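Have a look at the structure below before the remarks.
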Amino acid sequence: MSTQLQPKDLPGAQEVVLHKSTAIERIYAASIEEANGSGRGLKGLSPADQLVNQQIEAAYALLSNYHTFDQAWPLLAKQFDISRATCYRRLADAQNLMGDLKKVRKEGRKAILIEFARKILQLALTQRPPDTRAALAAMKFEANVAGLLRADSGQEEAAGSGSGNTSYVINLTVEGRKARTINLMDPESIQDADYELIQDAVQQQVFGAEQMEQMLLERREEGGTDGNR
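Start counting at 1 in the sequence shown, then tack on 1183, and there's your number in the working numbering.
Next up, the structure:
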């Protein structure tokens, strides 16, 4: 159930102490301050912490434009003159921090997957003539990742592990590697290696509109068999 409450308005929020022993923790605390409208927020960070925050924001921008870690780190290294190891830390920090700031870690990964879908949608609509099939598939893909097509959460809770639950997976093989089964409806369960596999697939157009449409068709057929559609 959605709520308009700000983090500071939640019961017991004033008693929550945010750790500030590392740059990431200080950036997180400053971001919460900024969201609450209290304190100086990100502007109150030290120059060193502000630089780390800039690196994290740049890392997230690269991930949002379907770059893998291997593709993104040279760009970060060139922009900020930092080592490969530091680049990988910033990329991991970006993936985790952006999700944590939305209160749910998996939201960070969901947001990137949704960005992929929107990029595919834009590309489809800019074709001449527009590729309406690919555009529709991209929109349905985004809706599924966002959970918009899932059964009502209250009904799912009442049904427990029965027919109210849904499953939406990708069976993906890239560059001859072993096929992987990835459940997009549970981003928290996606391992980093599998997550990069998804990014590779989008980058190489391995997973395109036809595959998305086929998955959606299979899911609708399964739902009809179970009496859910």
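Backbone N, C-alpha and C fix where the C-beta goes; we use that ideal spot for every residue, glycine too.
Quantities reported herein were computed from a predicted structural model and do not represent experimental measurements.
E1208 counts as exposed, since fewer than 16 other C-beta atoms from the protein chains shown sit within 10 angstroms of its C-beta. Less than 8 Å divides the Cβ of A1307 from the Cβ of A1317. By the neighbour-count criterion, in which 16 or more other beta carbons inside 10 Å mark a residue as buried, L1245 falls on the buried side.
With contacts defined by Cβ atoms closer than 8 Å, L1274 and A1231 do not form a contacting pair. In terms of Cα proximity to N1248, the closest of I1297, T1309, N1219 and A1321 is I1297.
The beta-carbon distance between I1239 and L1280, rounded to whole angstroms, is 6 Å. This is short enough to meet the 8 Å contact definition. Under the three-state reduction of DSSP output, P1230 falls in the helix class. In this chain, the alpha helix (DSSP H) harbouring N1327 covers T1315 to A1329. Check the Cα spacing between R1267 and each of Q1278, F1252 and A1277: the tightest is with F1252. The beta carbon of I1210 sits closer than 8 Å to those of L1225, L1228, D1232, V1235, N1236, I1239 and L1280, all from its chain and outside the five residues before and after it, given in chain order.
The straight-line gap separating the alpha-carbon atoms of K1302 and K1323 is approximately 13 Å. Taking a 10 Å sphere around the C-beta of L1259, we find 16 or more other C-beta atoms and assign the residue as buried. Contact check for A1294 and A1321: beta-carbon distance about 16 Å, past the 8 Å limit, so the pair fails to qualify. Counting along the chain, the unbroken alpha helix (DSSP H) around P1257 starts and ends at F1252 to F1263. In the structure shown, the three-state DSSP call for R1209 is helix.
When only Cα atoms are considered, Q1254 and D1276 end up about 16 Å apart.
Look at Q1278 here: in three-state DSSP terms it is helix.
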